[in-house]
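One structure is given here, and the rest of the page talks about it.
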Amino acid sequence: MKRRLLYSILVYLLVSGNLAISTEGAGPVSTVIQFYKASKNGDTETMKRYISGSFYNRRKVLLEENKEYPNFLRQHYQGTKIRVVNSNITKDNAVVNISIEFPDGSIDVNSLLLKKDASGIWRIVDEKMSQ
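So, in structure tokens, the structure goes:
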């Protein structure tokens, strides 16, 4: 009975939005997935939270100054399927390999390099693209 009541309260809090779930402790695979979800939605503010280093620096102007970039991202990633192929995680570094399948059947394969920052948050810091 107590377990059922606790479960009911938890479901209510989640559904009503009264319980915040933090993504701050998310692992590198989750970081990559959330970054690409934000990219597909053209959500540049969310994208910036998941990146740093040279990966951020190469996109800084697009993310901060180009007003058309969100629309470009939505169109570019429309209908794509993003799949995590594998990952290799060490203490503060990770490599997450992904494939992006486009509606025309073409596939991009990327290796994303991540580092855990001083506050324990994983961020994408670089990439290696291959085709």
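Position 52, counted from 1, in the sequence shown is what the working numbering calls 71; the numbers after and before it change by one each time, with no gaps.
C-beta atoms are modelled at their ideal positions from N, C-alpha and C, and glycine is treated no differently.
Quick caveat: nothing in here was measured; it's all calculated off a predicted structure.
For residue 102, the enclosing beta strand (DSSP E) starts and ends at 100-108. The residue among 144, 129 and 142 with its C-alpha nearest the C-alpha of residue 101 is 129. For residue 118, the uninterrupted beta strand (DSSP E) run begins and ends at 112-120, by DSSP.
Assigned with DSSP and collapsed to three states, residue 146 falls in strand. Under the rule that a run must span 3 or more residues, no beta strand (DSSP E) segment is found entirely inside the region 42-104.
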